[in-house]
Amino acid sequence: NAGVTQTPKFQVLKTGQSMTLQCAQDMNHNSMYWYRQDPGMGLRLIYYSASEGTTDKGEVPNGYNVSRLNKREFSLRLESAAPSQTSVYFCASSPGTSGRNEQFFGPGTRLTVL
Amino acid sequence: SQQGEEDPQALSIQEGENATMNCSYKTSINNLQWYRQNSGRGLVHLILIRSNEREKHSGRLRVTLDTSKKSSSLLITASRAADTASYFCATPSRAYNNDMRFGAGTRLTVKP
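Here the protein sequences come in this chain order: G and S. Using this note's numbering, you'd call the opening residue of the first sequence number 247 and step up by one each time. Using this note's numbering, you'd call the opening residue of the second sequence number 2 and step up by one each time.
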């Protein structure tokens, strides 16, 4: 099993450009998450999807949109990138609610917005 | 806003020594989780301790939870160079929900 995979690994954007970060899991997990990690701040939840067909905002959703394409895939879209969105983005999944279960993390996408 | 805060921010020890990291949080919780992150990698779950548990062990890891003080500690015994990583505590922002809040982490360096 590959676990949680993310593409791309690295990306450089100019301000105002758009892009979609892809995430897939092969563990048949119900819940999926998108986090961003900035230096010295730990991880902050952007959006999550408790089950296929549902999405909810996390702590820092502004400037992002998500799509739970199916049970395996959960994508994060930046419609108009800003320098403040320079960060490392992690996707995660869990069998059920993350408050009850461990989360499995992908390797991350390093995004730089110039 | 962060829920858990780890202390110290950085810790450097020799191989074979024990490493203790602390986590304090602000609101009532049902459980607390610890994760490890090697440089440039994703987080890996270490242990989950529930609010009705005071101590939990997993291999060389020992986690304690004191709900009256709103704090937890992670002890790594007989540390190895491979334990060099950042360690994070995480708590649900509300009871058993999907919004986990992570602290800023403790950066542990184990010197061979």
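Ideal placement from N, C-alpha and C gives every residue a C-beta, glycine not left out. Bear in mind the structure is a predicted one, so any value in this text is a computation, not a measurement.
Just curious, the beta strand (DSSP E) that residue i is in, first and last residue?
{"i": "L12/S", "result": "11-15"}
{"i": "H46/S", "result": "44-51"}
{"i": "T21/S", "result": "20-25"}
{"i": "M101/S", "result": "101-103"}
{"i": "K57/S", "result": "56-59"}
Once DSSP output is grouped into helix, strand and coil, what is the label at residue i?
{"i": "P93/S", "result": "strand"}
{"i": "Q38/S", "result": "strand"}
{"i": "A82/S", "result": "helix"}
{"i": "Q263/G", "result": "coil"}
{"i": "S69/S", "result": "coil"}
{"i": "Q257/G", "result": "strand"}
{"i": "Q331/G", "result": "helix"}
{"i": "A270/G", "result": "strand"}
{"i": "N311/G", "result": "strand"}
If distances are taken between C-alpha atoms only, which option among the options comes closest to residue i?
{"i": "N31/S", "options": "P113/S, M101/S, E6/S, V111/S", "result": "M101/S"}
{"i": "V312/G", "options": "S326/G, A327/G, Y293/G", "result": "Y293/G"}
{"i": "K27/S", "options": "T107/S, K112/S, P93/S", "result": "P93/S"}
{"i": "S59/S", "options": "L76/S, V111/S, S69/S", "result": "L76/S"}
{"i": "P1/S", "options": "C24/S, N19/S, G17/S, E18/S", "result": "Here chain S comprises residues numbered 2 to 113, so residue 1/S is not present and cannot be evaluated."}
On the DSSP bridge list, what partners appear for residue i?
{"i": "A379/G", "result": "For chain G, the structure presents residues 247 to 360; residue 379/G sits outside this window and is missing."}
At least three beta-carbon pairs within less than 8 Å, the region 79-87 of chain S to the region 20-38 of chain S:
yes
Quick check: the region 276-283 of chain G against the region 338-356 of chain G, are there 3 or more CB pairs under 8 Å?
yes
Within 8 Å, do at least three Cβ pairs link the region 301-317 of chain G to the region 351-359 of chain G?
no
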